[in-house]
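Remarks on the structure that follows.
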Amino acid sequence: MEYPRPHFDRSHSWSSLNGDWDFRADTEQGYDRTITVPFAWETPASGIEAHWLPVAWYRRTFTVPAGWAGQRVVLQFGAVHHEATVWVNDVEVARHRGGYTPFEADITDALRPGDDQEVVVRVSAPLDKREIAHGKQRSIPRDDFDGVCFTPSSGIWQSVWLEARPATHLAGLKLRPSEGLDAIEVEARVGGTAEATLALRLRGTDVTVEVPVVNGLAETVIPVAEPRLWSPDDPHLYHVDATLTSADGTDTVAAYTGLRRIEVIGEDLYLNGARLFVRGVLDQGYWPLTGITPPDDAALRRDLELAAEAGYNLVRKHLKLEDPRFAHHADVLGMLVWAEPAATGRFSADSVAAFEEQVAPMVERDGNSPAIIIWGLYNEEWGLDWDIPGDPAKQRATAQAYDLLKALDPSRPAVDNSGWTHVRTDLLDWHYYDESAASWGRTVAALVNGEQDDFPVKLGPDFVVRKKLAGSPDQPLRGLPNLNSEYGTGFTSVERGWQLRWQTQELRRHDRVAGYVYTELYDIEHESAGLLDFERRAKDLGGVNPADANATTTLVLDVVPVAPGRDVLSETGEVSVPVRISHHGAEPVNGHLHTAWTPVLGATPAAPGAEGPWIEAKPFLLSGAAEVRARLPEGWTSGRLHLALVSDGAVVARSAVDVDSHTDFVIGDNR
């Protein structure tokens, strides 16, 4: 079994309490059911599958390992939704509010002689979640955004375990890369009263640094010779072994980080001094039988691998503080992460406080992760009643959350209110959904070029508002990185594949765009917006390979497509397609464009086809157009023209256009 907290690792001295616990609803007298921890009680995996249960109780016995004698025994909870009260042997040891943040209890003084100890947990999971942090969990009464919410996940939904440590112990270990990326800056927090000394060893080297603890804090710098920077191409990690020595004993914790720098410079993002274009995908962290808990550790890693296979270099973990092993796998695999807390539902002093209570634990728990390059906060004014522009109090709450986060971690860019009206932000991101390829392209161009500063948002079947990019006169509309951080439309999977290809190419058309986040990686319950289904199986995307749309090098066609299967109409079957290159590699790229035909919606052929015109592009500059001319094969009335850029014998970019000679038949309205 994997240790649950890889960024603060005390796995040499732990014992898992996952597995079978006794369970009863608050209205029941006896523990006559068994629940599997850590799966929410709504899920089939829990063995309970109870819905809209406001209060329930957990109970189990446990044994403290004999080798822990003389140490303090600590009970750890990864996350419990929403409010937990914990007793050990009838002694209350902890109370915690907040369904996504970890907590612990020193239970040593509650232990009794003998082997068998008992722990009882009472969990309150309010049906009305609107003033608590609940993310995408459904509420009764419902949230304004109920249509995109899912089955609640209540109770113990992350791991529970025991740890042993001395009375004077390491309570936190913050690791950050130095400004010069040649050292690791360390801040260690120490709990307990004994005088202590901290030794830090850079694993795999002979570098050891010793530092005294003063007023519960130890700060130092670990130099790194010949530093190797962390990046998606080389996700190298530096592990630090921390040993705290005092009269109470020795405490050892392992942690790690990567040497990397994420910067906002003007309208661009830079990673380790190199220009970064974000190719992201939304990941909401739900599974069919287990809710917001992954079925196993491999499932977290697999979702990241699936995102990488689809061409993405970033995953936005949406409205959820995910199990910390998710960030760990991203660190190891080299997948960039946009992390954000769970949303509340309605605006009030209590809801603002509940939202902000997540910020410090988020940074404390996951801040060592080099993969996390963006912190998010509010999303689309959820918990702000969709009304930042109309209420100064909501503007203040948004700015306050940003200031809180930046005070804790100034090293990463932060987004105050993703997608809609910004008050104080490091990234100017926007969420824009549009079924029309033509109006999509026009609106994206107008937003990027500064011709308009708002865009339409459909809040209901007949309710469309125009959302401004900024809701405060102090928030600039230009001079920051510009990202579309939610997009993607289409009722069927074929339509979604079509929109993915054409909408993504329009985002690649504009050099001022710093990146995008597609909605989304996989379906969830009733929401069928994924590239994959809920079981993470591939869907029929009409011959579109997402990896081609999201590649480092892509083709941008000067075409306004008509409809799926009928991108271009031509009575004669002849087409002339201007083709450009969007290239985000370190060096220029060039080569010949090649063409090949298949039936409409056909998959990419193995061979690139006939050689066509030469084209070249510089990094992060859209190339000029090369004209590709082609004719439908003899006897064909329609077909898919596949385009491939071949450079040094390898295909480095692909796209396609469906050609139809039946011009008397028009599908849809693409104005």
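Heads up: the sequence shown at position 165 corresponds to 165 in full-length UniProt numbering, and the numbers run straight through without jumps.
Even for Gly, the Cβ is constructed at its ideal location relative to N, Cα and C.
Treat the numbers as computed from the prediction; the structure is a model and nothing was measured.
By the neighbour-count criterion, in which a residue is buried when 16 or more other Cβ atoms sit within 10 angstroms of its Cβ, His584 is buried.
Beta-bridge pairing by DSSP links Glu92 to Trp87. Taking the Cα of Thr252 as reference, the smallest distance to any Cα among Arg629, Thr398, Asp233, Ser13 is reached at Ser13. Per DSSP, the unbroken alpha helix (DSSP H) holding Asn449 starts and ends at 437-449. Here Gly258 is buried. Its C-beta has 16 or more other C-beta atoms within 10 Å.
For Pro546, the enclosing alpha helix (DSSP H) starts and ends at 546-549. Counting C-beta pairs with one atom in each stretch, the stretch 150-163 and the stretch 186-198 have fewer than three that are closer than 8 Å, which means they do not touch. Only residues of its own chain outside the window of five on either side were considered, and among them Arg466, Lys467, Lys468, Leu469 have a CB closer than 8 Å to the CB of Asp454, listed in chain order.
Per the coordinates, the alpha-carbon of Pro476 lies some 15 Å from the alpha-carbon of Pro389. Around the beta carbon of Leu111, fewer than 16 other beta carbons lie within 10 angstroms, which makes this residue exposed. Counting the other Cβ atoms within 10 Å of the Cβ of Phe463 gives fewer than 16, which makes it exposed.
Counting C-beta atoms within 10 angstroms of its own C-beta, Met362 has 16 or more neighbours from the protein chains shown and is therefore classed as buried. Just measuring C-alpha positions, the residue of Phe150, Pro54, Leu170 sitting nearest Asp9 is Leu170. Here Gln505 carries a helix assignment [DSSP, helix/strand/coil].
In the structure shown, Tyr402 falls within a helical segment according to DSSP collapsed to helix, strand and coil. Collapsing the DSSP output to three states places His239 in a strand. Ser154 sits buried, since 16 or more C-beta atoms from the chains shown fall within 10 Å of its C-beta. Where Phe463 is concerned, the enclosing beta strand (DSSP E) starts and stops at 463-468. In terms of Cα proximity to Ala625, the closest of Leu53, Val579, Arg536, Ile107 is Val579. Residue pairing for Gly172: DSSP places it in a beta bridge opposite Arg189. In terms of Cβ geometry, Gly376 and Phe355 do not form a close pair [threshold 7 Å]. Contact check between the stretch 314-331 and the stretch 281-295: three or more CB pairs, one atom from each, fall below 8 Å, which counts as touching.
Per the coordinates, the alpha-carbon of Pro294 lies some 14 Å from the alpha-carbon of Trp41. In the DSSP assignment, the residues bridged to Phe455 are Lys467. The residues Phe23, Arg24, Ile48, in chain order, have a CB closer than 7 Å to that of Arg33 in the same chain once the five nearest residues on each side in sequence are set aside. Rounded to the nearest angstrom, the gap between the Cα atoms of Arg97 and Asp297 is 26 Å. With fewer than three CB-CB distances shorter than 8 Å, the stretch 553-568 does not count as touching the stretch 525-538. Note on geometry: alpha-carbon atoms of Asp144 and Val600 lie some 41 Å from one another. Residue pairing by DSSP places Arg5 opposite no residue, since no beta bridge is assigned to it.
As for any beta strand (DSSP E) of minimum length 3 sitting wholly inside the UniProt domain "Glycoside hydrolase family 2 catalytic" (262-415), the runs are 262-265, 268-271, 274-276, 278-283, 314-317, 336-339, 372-379, ordered along the chain.
The stretch 509-524 and the stretch 435-455 touch, with three or more beta-carbon pairs separated by less than 8 Å. Here Gln71 carries a coil assignment [DSSP, helix/strand/coil]. The C-beta distance from Ala133 to Gln400 rounds to 16 Å, too long to meet the 8 Å contact threshold. Around the beta carbon of Phe491, fewer than 16 other beta carbons lie within 10 angstroms, which makes this residue exposed. Counting C-beta atoms within 10 angstroms of its own C-beta, Arg365 has 16 or more neighbours from the protein chains shown and is therefore classed as buried.
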